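Numbering (my numbering), first residue to last: 19 to 298.
By construction, the Cβ of each residue, glycine as well, lies at the ideal position given by its N, Cα and C atoms.
None of these values were measured; they are calculated from a predicted model.
Report on one structure; see the data block that follows.
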Amino acid sequence: PSIVLIFYGLTTNVSIGDLFLAVIIPGLILAGLYFVYILTRCYLNPELGPPLPLEERDIPLREKFKLLGSLVLPMGVALGVLGSIYAGIAAVSEAAAVGVAGTILAAWIRGELSWQMLRESLQQTMAACGLLLWLTFGATALIGVYNLLGGIRFISDLMTGLPFDPLVVVVLMMLMLIVLGLFMDWVGVLLLTMPIFVPIIKSLGYDPIWFGILFCMNMQISYLSPPFGPAAFYLKGVAPPEISLQDIYRALWPFMLLQIVGMSLVLFFPQLALWLPGLG
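Next up, the structure:
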């Protein structure tokens, strides 16, 4: 489950289950765009994607089933979390508890459960929660003061009063988010902008679920775009030494353009995001 959508739903009081449904088709669109691009590049330049050696392709059937079996527990945990949310059995916090219980059970079944693992997991969780709490505190204080000074009303009146089509206002918001994503983490961008942008979106007559999917896709661009681009640093950490950070950034540009294409499709065809939630 996307932590971006969870935070968006909690910040804007939008159904997280509907957000998870809404993101399925846009996610498949992005995956399809990536697939077509990679397939085309490898077809034009086979050296970019050499075939798997025969000795690695010739895997016994028993080994294949063994490899598939290793996916059962992780998939079971994910299905338990998502299923409890979609079925209306649990809220987000309760579904998180389901995920923790499922993860502990999976670790026990695999024989990997230990006090050291639990201690390290708790330490990492507390560190992440502490960071998010301070970010939330700072952003909430800033937005509160900004609201008391009339800033939110001013921005809302300014955006809704522009002599443009409402869709142009949404495009301007997307451009602002892209610029902010160059220098800020998605949590900071969300906490600073969504309390301002979402009321404007509602006043323009648009669905906040649709805008949440646009925000999520926009933040995917920030994961790749320099100078922040954490995905580039993650890749550099596992890439061979001869591949520089500049090489990775150059290779990421086509994928950033594909993400902009995917986001544009959802922007101009909102039903791509709203069809599945509308079925419920």
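Residue i vs residue j beta-carbon contact at 7 Å
i, j, result
"proline 295", "leucine 39", "yes"
"threonine 29", "methionine 235", "no"
"valine 116", "valine 99", "yes"
"isoleucine 231", "valine 110", "no"
"valine 22", "methionine 237", "yes"
"methionine 177", "valine 189", "no"
"leucine 209", "alanine 157", "yes"
"phenylalanine 201", "phenylalanine 246", "yes"
"isoleucine 239", "glutamine 264", "no"
"arginine 59", "leucine 66", "yes"
"leucine 37", "glycine 50", "no"
Where the alpha helix (DSSP H) containing residue i begins and where it ends
i, result
"proline 244", "Counting along the chain, proline 244 falls outside any alpha helix (DSSP H), and DSSP gives it neither H nor E."
"methionine 192", "184 to 199"
"isoleucine 107", "No alpha helix (DSSP H) contains isoleucine 107, which DSSP labels as neither H nor E."
"valine 54", "42 to 62"
"alanine 159", "133 to 166"
"methionine 274", "263 to 286"
"leucine 28", "21 to 30"
"serine 174", "169 to 178"
"alanine 291", "289 to 297"
"leucine 85", "79 to 87"
"leucine 72", "72 to 75"
Whole-angstrom C-beta distance between residue j and residue i, which should lie under 8 Å
i, j, result
"leucine 195", "phenylalanine 233", "7 Å"
"proline 44", "alanine 291", "6 Å"
"proline 288", "valine 32", "Rounded, the Cβ-Cβ distance is 15 Å, inconsistent with contact."
"phenylalanine 25", "valine 284", "19 Å between Cβ atoms; not a contact."
"proline 184", "glycine 223", "7 Å"
Other residues of its chain near residue i: CB distance less than 8 Å, five sequence neighbours each side excluded
i, result
"phenylalanine 273", "Tyr52, Tyr55, Leu242"
"serine 174", "Ile214, Pro217, Ile218, Ser221"
"leucine 275", "none"
"leucine 150", "Val205"
"leucine 131", "Ile122, Ala125"
Sequence-distant residues of its chain with Cβ nearer than 7 Å to residue i (five each side left out)
i, result
"valine 95", "Gly117, Gly120, Thr121, Ala124"
"alanine 108", "Ser102, Val116"
"proline 78", "none"
"isoleucine 164", "Just to set this straight, residue 164 is tyrosine in the shown sequence, not isoleucine. Around tyrosine 164: Ile170."
"leucine 153", "Val205, Gly206, Leu209"
Contact set for residue i: own chain, Cβ-Cβ below 6 Å, skip 5 residues either direction
i, result
"leucine 253", "Ile266"
"tyrosine 104", "Gly35"
"leucine 198", "Val207"
"leucine 48", "Gly280"
"proline 303", "Residue 303 lies beyond the range of the chain shown here (19 to 298); nothing can be said about it."
"glycine 106", "none"
"methionine 300", "The structure shown does not extend to residue 300, since the chain spans only 19 to 298, so no value can be given for it."
"glycine 129", "none"
Residue-chain proximity (residue i, chain C), Cβ-Cβ < 7 Å
i, result
"threonine 121", "This model lacks chain C altogether, as it is built from one protein chain only."
Quick one: which unbroken beta strand (DSSP E) runs of 3-plus residues sit fully inside the region 216 to 242? Chain order, please.
Counting only runs that start and end inside the region 216 to 242, there is no beta strand (DSSP E) element of at least 3 residues.
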